[in-house]
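Chemist: The structure follows.
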Amino acid sequence: MRRGQIIFAEESLSLLMTFLAVILLFTSFFMLNKRTDSDIADERMYLVADNIADLIVKKYVDLKGNVDLQKLNSTIRDKVEVTVSGAHFGGYAPDNVNVYSVRRLVSVNGQPSQMEVRVWP
37 MRRGQIIFAE ESLSLLMTFL AVILLFTSFF MLNKRTDSDI ADERMYLVAD NIADLIVKKY
97 VDLKGNVDLQ KLNSTIRDKV EVTVSGAHFG GYAPDNVNVY SVRRLVSVNG QPSQMEVRVW
157 P
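Just so we're aligned, residue 37 is where the sequence shown starts under the working numbering, counting upward by one.
Here's what the structure looks like:
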């Protein structure tokens, strides 16, 4: 009789430990993978800035790495600001919104320069 009680106690203890482990696993999974709408929007806007910077580099940078500033000036859209070696294209980012920026290394007149693309919602 005593042996049966020990086995039952061990089974119930192991079931309790398994139940607690499963509960802990699920709660940690939901806590770590919780993505809010603002997180998704932030990631999307960063990708938009990255895609615009890549598009500018593909279209307006020649094989030597020089940026054609005249073509760049005519193609900037709303809510996009591009700064290359002191030259500014597009609009100005407002102060009260989140601004997402990406930088690329380009050349202007043979000199290395940093191009910064800033976008906002």
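Positions of the beta carbon are idealized from the N, C-alpha and C atoms, including for glycine.
Note down the Cα distance separating LEU52 from ILE59, rounded to an integer number of angstroms.
Modeler: 11 Å
Chemist: Whose C-beta lies closer than 8 Å to the C-beta of TYR136 among residues of the same chain, with five residues either side of it excluded?
Modeler: ASP78, MET81, TYR82, VAL84, ALA85, ARG154, VAL155, TRP156
Chemist: Residue ranges of each alpha helix (DSSP H) run of no fewer than 4 residues wholly in the region 61-120, ordered along the chain?
Modeler: Those alpha helix (DSSP H) runs which fall completely within the region 61-120 and span 4+ residues are 73-96, 105-110.
Chemist: Compare the Cα-Cα distances from ARG113 to each of ILE92, ASP98, GLN147, VAL97 and report the closest residue.
Modeler: ILE92
Chemist: Tell me where the beta strand (DSSP E) around PRO148 begins and ends.
Modeler: 147-155
Chemist: Use the C-beta contact count for ILE76: other C-beta atoms within 10 angstroms, 16 or more gives buried, fewer gives exposed.
Modeler: Residue burial annotation: ILE76 is exposed, with fewer than 16 other C-beta atoms found within 10 angstroms of its C-beta.
Chemist: Would TYR96 pass as a contact of ASP90 if the rule is Cβ separation under 8 Å?
Modeler: Not in contact: TYR96 and ASP90 (Cβ atoms no closer than 8 Å).
Chemist: Tell me, please, which residues DSSP counts as bridged to PHE125.
Modeler: Paired residues: VAL118.
Chemist: When the distance is taken between beta carbons, is VAL138 closer than 8 Å to VAL120?
Modeler: No, they are not a contact pair.
Chemist: If we ignore side chains and look at the alpha-carbon of each, how far apart do GLU117 and PHE65 end up?
Modeler: 39 Å
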